[in-house]
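Scroll down for the structure; my scribbles are underneath it.
There are 2 protein chains.
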Amino acid sequence: MITVAVDAMGGDNAPVEIVKGAVDAVAKRSDIKVTLVGRKTDIEQELSKYTYDRERVQILHASEVIETGEPPVASIRGKKDSSIVVGLKQVKDKQADAFVSCGSTGAVLVGGQLIAGKIKGVKRPPLAPLLPTEKGVSLLIDCGANVDARSEHLVQFAKMGSIYMEHVVGIRKPRVAILNIGVEEEKGNALVKETYPLLKECSDINFIGSIEAREIPSGAADVIVCEAFVGNVALKLYEGVGSTLMKQIKGAMLSSFRGKIGALLAKPSLKQVLKKFDASEYGGAPLLGLNGLVVKAHGSSKAKEVTNAIIQCVAFTEQKINDKIRESLNA
Amino acid sequence: MITVAVDAMGGDNAPVEIVKGAVDAVAKRSDIKVTLVGRKTDIEQELSKYTYDRERVQILHASEVIETGEPPVASIRGKKDSSIVVGLKQVKDKQADAFVSCGSTGAVLVGGQLIAGKIKGVKRPPLAPLLPTEKGVSLLIDCGANVDARSEHLVQFAKMGSIYMEHVVGIRKPRVAILNIGVEEEKGNALVKETYPLLKECSDINFIGSIEAREIPSGAADVIVCEAFVGNVALKLYEGVGSTLMKQIKGAMLSSFRGKIGALLAKPSLKQVLKKFDASEYGGAPLLGLNGLVVKAHGSSKAKEVTNAIIQCVAFTEQKINDKIRESLNA
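One line per chain: the protein sequences are X and U, in this order.
Under the working numbering, the first residue of the first sequence is numbered 1, with each subsequent residue one higher.
Under the working numbering, the first residue of the second sequence is numbered 332, with each subsequent residue one higher.
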């Protein structure tokens, strides 16, 4: 049995979609227990809409909420009774195996490090979302808040990402690449040039060299290693270009009668692509290298994404990912 | 009359499409003269297909070609009779106002600096492509080869980009933003945090603060300032996500009968979007801050893009962009 603490107050659709997602996760999997963290009366009201196994859904009251715009460090330190702080403490105290939040990314990242704490040997815990590609998904690591990383950090990202893709996503010998502005070995900025030979030396990962950003959507690598600033830009651009293109296609089609009929007929095909390239389909992004598991799901998550993010915690815990990370980094 | 030296040997479709593009540019505009640089016999053979104003199309023989994979510095130094070196010398010797190439980006960037030379006061000449957006185009500056820039370089990029967008593209008081991982002033990596207050102090640009990568496709800023590594990743991802999505949509539509009929009807609308979001529509990317004008067009350019890149040189020269840059940076 896996226990997942869920931030019932975080995200654009809290608490409605979060509570629904948690109830759905418990209904789908008999090996999951959920602790909904947040304002008790709000959660109770939402829960009253559903029938569910009461043994496996509990409420943990937290009176405060950290809003998206708040400065992360100050909010984690100041709001001791917020759903994020109380939820993370559940992980720290081993009352929960994992914590899932759709709330403030900054607060989850800072709180994860300050409260859950890092695995021995981990220098920086990276945020590692799965990106949809033509071939499936790729892990982009790091997209977090710890910018200006050093080469030793990137080497750890490569190892942690490789373990995650192999044992949680199920890809044998994941192809690890470093995000670069050319494929030749001498290309890159100072950080990439310093990191490249270090990755080449790692015998425990399947390093395939540099990847250009153009190749990411085609699925040219399973683990894409980068510094957080670049990773964050890439992640957000991925979302932005996709959603703008879809909007434009819709608009263009609906601007003519012929296009409208075409759109009607093509709708199922378009939806299929839209779904495939929707990052939210793939559960939340794990913050790797922490004691326990902390998962940041998209702020706009609906019940389905919350359910996916919760279920994802099972494989992570069962596969003892943290033990594997500990072994790998302290070898 | 503007004279543009054109690298007839550079790019995937050279010399066929390059020569065609040059002939078309001369046909379209009576104020353009073109010097086709490259292997004389190859160029003559292509030119023989067309009728054109012989007064305004000349050939300058260059026996060597720099291939895309070659190391830039070595190739510029070693291949003195290459089309890139000979073409750039035309600019240096004021035989041409501009040089357009679809060849090796690295060689054009290095050669531009070494041969054409920098405008007094310019620290680094940035490569500044126009990105298609919902509202029109935005300038992403720098996407070049000079990675690991300092804040003083980024401030110059902002000024040069602003001048370009105002006087070549025709946008009054262009909105200048810095590419960042959040919109709050305290967000960013060390470089962005250092650059932000410097941009805020510039009275000659319309600085609107930070822009997240997600907002680029919607056209939230006219000039997007960034360091070259990040810019290059953003540019290539822009291309990659767009082309993968279009491919996926096509594939999904053609996989069912219903979708096929829909695709047939929707084709004009889809083409319209594809065209709008095709970066190659917008001519080449100028390398700003050099004596004369050096334009790098996409390696896959066809005649139309070559024509656009050549025509773009007229406004640049007529608007005396380089004088404006010189004044701005030495004020």
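Built from N, CA and C at the ideal position, the CB exists for glycine as well.
Model, not experiment: these values are computed from the prediction.
How close, in whole Å, do the beta carbons of Gly242(X) and Cys102(X) come, if the pair is a contact with beta carbons under 8 Å?
Here the question's residue 242(X) lines up with position 242 in the first sequence. Here the question's residue 102(X) lines up with position 102 in the first sequence. Not quite, the Cβ-Cβ distance comes to about 20 Å (not below 8 Å), so this is no contact.
Leaving out five residues before and five after Ser482(U) in sequence, what residues of the same chain have Cβ atoms less than 8 Å from its Cβ?
Indexing the second sequence from 1 puts residue 482(U) at position 151. Cβ contact annotation for Ser482(U) (same chain, cutoff 8 Å, sequence separation greater than five): Leu522, Glu525, Thr526 and Leu529, in chain order.
Is there a Cβ from chain X that is less than 8 Å from the Cβ of Ser600(U)?
For this step, residue 600(U) is matched to residue 269 along the second sequence. Output row for Ser600(U): interface = yes.
Name the one or two DSSP bridge partners that Val225(X) has.
To locate residue 225(X), count along the first sequence from 1; it is residue 225. Ile141(X) and Ile178(X).
Who are the near neighbours of Pro456(U) in its chain, counting only those whose CB is closer than 7 Å to its CB and skipping five residues on each side?
For this step, residue 456(U) is matched to residue 125 along the second sequence. Excluding its 5 nearest sequence neighbours in each direction, Pro456(U) has C-beta neighbours in its own chain below 7 Å: Gly443, Gln444, Lys449, Leu618, Leu619, Gly620 and Leu621, listed in chain order.
Note down the Cα distance separating Ala145(X) from Pro72(X), rounded to an integer number of angstroms.
Residue mapping note: residue 145(X) aligns to position 145 of the first sequence, counting from 1. Residue mapping note: residue 72(X) aligns to position 72 of the first sequence, counting from 1. Rounded to the nearest whole angstrom, the C-alpha separation of Ala145(X) and Pro72(X) is 10 Å.
Check the DSSP bridge columns for Asn537(U) and list the partner residues they point to.
Working through the second sequence from its first residue, we reach residue 537(U) at position 206. The bridge partners DSSP lists for Asn537(U) are Arg506(U).
Got a sec? Which residues, its chain only, sit under 7 Å from Val417(U) by beta carbon, not counting five neighbours each side?
If you number the second sequence from 1, residue 417(U) lands on position 86. The beta carbon of Val417(U) sits closer than 7 Å to the beta carbons of Val368, Leu391 and Ala393 from its chain, once the five residues preceding and following it are set aside; these are given in chain order.
Under 8 Å, Cβ to Cβ, is there at least one residue of chain X near Gly590(U)?
Taking the second sequence and counting its residues from 1, one reaches residue 590(U) at position 259. Judged by the 8 Å Cβ criterion, Gly590(U) is in contact with chain X.
Bridge partners for Gly369(U) per DSSP, in chain order?
To locate residue 369(U), count along the second sequence from 1; it is residue 38. Looking at the DSSP output, Gly369(U) bridges to His392(U).
If the cut is a Cβ gap below 8 Å, which residues of chain U does Arg214(X) touch?
Residue mapping note: residue 214(X) aligns to position 214 of the first sequence, counting from 1. Residues of chain U passing the Cβ test: Lys567, Leu568, Glu570 and Gly571.
So, with DSSP's three-state summary, where would you put Pro460(U)?
Walking along the second sequence from the start, residue 460(U) turns up at place 129. In this structure, Pro460(U) counts as coil in the three-state DSSP scheme.
Express the C-alpha separation of Tyr50(X) and Ile43(X) in angstroms, rounding to a whole number.
On the first sequence, position 43 is the one that residue 43(X) refers to. On the first sequence, position 50 is the one that residue 50(X) refers to. Ile43(X) and Tyr50(X): Cα-Cα distance of roughly 12 Å.
How far does the alpha helix (DSSP H) with Phe488(U) in it extend, from its first residue to its last?
The sequence position of residue 488(U) within the second sequence is 157, counting from 1. Phe488(U) -> alpha helix (DSSP H) spans Ser482 to Tyr495.
Which residue comes first and which comes last in the alpha helix (DSSP H) that contains Val417(U)?
If you number the second sequence from 1, residue 417(U) lands on position 86. That run of the alpha helix (DSSP H) goes Ser414 to Lys423.
Under 7 Å Cβ-Cβ, which residues of chain X neighbour Thr575(U)?
Locating residue 575(U) in the second sequence gives position 244, where the first residue counts as 1. Per Cβ cutoff of 7 Å: Glu134, Pro217 and Ser218.
CA-CA distance, Lys607(U) and Gly467(U)?
In the second sequence, the residue the question calls residue 607(U) occupies position 276. In the second sequence, the residue the question calls residue 467(U) occupies position 136. In this structure, the alpha-carbon of Lys607(U) lies about 9 Å from that of Gly467(U).
Exposure label - Gln376(U); buried when at least 16 CB within 10 Å:
By 1-based counting over the second sequence, the position of residue 376(U) is 45. Using a 10 angstroms sphere on the CB of Gln376(U), the tally of other CB atoms stays under 16, which defines it as exposed.
Relative to the C-alpha of Ile224(X), which candidate in Val147(X), Glu305(X) and Pro129(X) has its C-alpha closest?
Residue 224(X) sits at position 224 when you count from the first residue of the first sequence. Nearest of Val147(X), Glu305(X) and Pro129(X) to Ile224(X), Cα basis: Pro129(X).
Would you be able to state if there are at least three C-beta pairs under 8 Å between the segment 249 to 262 of chain X and the segment 164 to 171 of chain X?
Flag = no, the segment 164 to 171 of chain X and the segment 249 to 262 of chain X do not touch.
I want to know whether the segment 226 to 237 of chain X touches the segment 532 to 552 of chain U - three or more CB-CB distances under 8 Å.
The answer is yes - the segment 532 to 552 of chain U touches the segment 226 to 237 of chain X, with three or more Cβ pairs under 8 Å.
Would you mind stating whether Phe229(X) and Asn520(U) have Cβ atoms separated by less than 8 Å?
In the first sequence, residue 229(X) corresponds to position 229, counting from 1. In the second sequence, residue 520(U) corresponds to position 189, counting from 1. Remark: C-beta atoms of Phe229(X) and Asn520(U) approach each other more closely than 8 Å.
Using three-state DSSP, classify Ala74(X) as helix, strand or coil.
Here residue 74(X) refers to the residue found at position 74 of the first sequence. Of the three classes helix, strand and coil, the one that applies to Ala74(X) here is helix, per DSSP.
Give the DSSP-derived three-state secondary structure of Ser101(X) in the structure shown.
Start at 1 with the first residue of the first sequence, and residue 101(X) comes out as number 101. Reduced to three states, the DSSP call for Ser101(X) is strand.
Give me, in chain order, the residues of the same chain whose beta-carbon lies closer than 6 Å to that of Arg175(X); leave out the 5 immediate sequence neighbours on both sides.
The residue you call residue 175(X) lines up with position 175 of the first sequence. Same-chain partners within the cutoff: Asn206, Ile208, Ala221 and Asp222.
I need the DSSP call for Thr412(X), collapsed to helix, strand or coil.
Not covered by the structure: residue 412(X). The range shown for chain X is 1 to 331.
In this structure, how does DSSP classify Asp323(X) when only helix, strand and coil are distinguished?
Sequence index remark: in the first sequence, residue 323(X) carries index 323 (1-based). Here Asp323(X) sits in helix by DSSP.
If you check the beta carbons only, do Leu470(U) and Lys627(U) fall under 8 Å apart?
Here residue 470(U) is taken as the residue at index 139 of the second sequence, counted from 1. Here residue 627(U) is taken as the residue at index 296 of the second sequence, counted from 1. Lys627(U) is positioned such that its CB atom lies no closer than 8 Å to that of Leu470(U).
So, helix, strand or coil for Asp278(X), using DSSP?
Locating residue 278(X) in the first sequence gives position 278, where the first residue counts as 1. If DSSP states are grouped into helix, strand and coil, Asp278(X) belongs with coil.
Around the Cβ of Asn661(U), are there at least 16 other Cβ atoms within 10 angstroms (buried) or fewer (exposed)?
Residue numbering aside, residue 661(U) sits at position 330 when the second sequence is read from its first letter. By the neighbour-count criterion, in which 16 or more other beta carbons inside 10 Å mark a residue as buried, Asn661(U) falls on the exposed side.
Simplified DSSP assignment, three categories, for Pro346(U)
In the second sequence, the residue the question calls residue 346(U) occupies position 15. Coil.
Gly219(X): which of Glu201(X), Ala177(X), Asp204(X) and Glu186(X) sits nearest, CA to CA?
Indexing the first sequence from 1 puts residue 219(X) at position 219. The shortest Cα separation from Gly219(X) among Glu201(X), Ala177(X), Asp204(X) and Glu186(X) belongs to Ala177(X).
Does any CB atom of chain U fall closer than 8 Å to the CB of Asp148(X)?
On the first sequence, residue 148(X) is found 148 positions in, with the first residue counted as 1. Taking CB atoms only, Asp148(X) has a neighbour in chain U less than 8 Å away.
For Ile349(U) and Val637(U), which I take to be in contact (beta-carbon distance under 8 Å), what is that distance rounded to the nearest angstrom?
Counted from its first residue, the second sequence places residue 349(U) at position 18. Counted from its first residue, the second sequence places residue 637(U) at position 306. Between Ile349(U) and Val637(U) the beta-carbon gap is near 5 Å, inside 8 Å, which marks them as a contact.
Mapping DSSP to helix, strand and coil, what is Thr334(U)?
The sequence position of residue 334(U) within the second sequence is 3, counting from 1. Three-state DSSP puts Thr334(U) in a strand.
Using three-state DSSP, classify Val147(X) as helix, strand or coil.
Taking the first residue of the first sequence as position 1, residue 147(X) is located at position 147. DSSP places Val147(X) in the coil class of the three-state scheme, outside both helix and strand.
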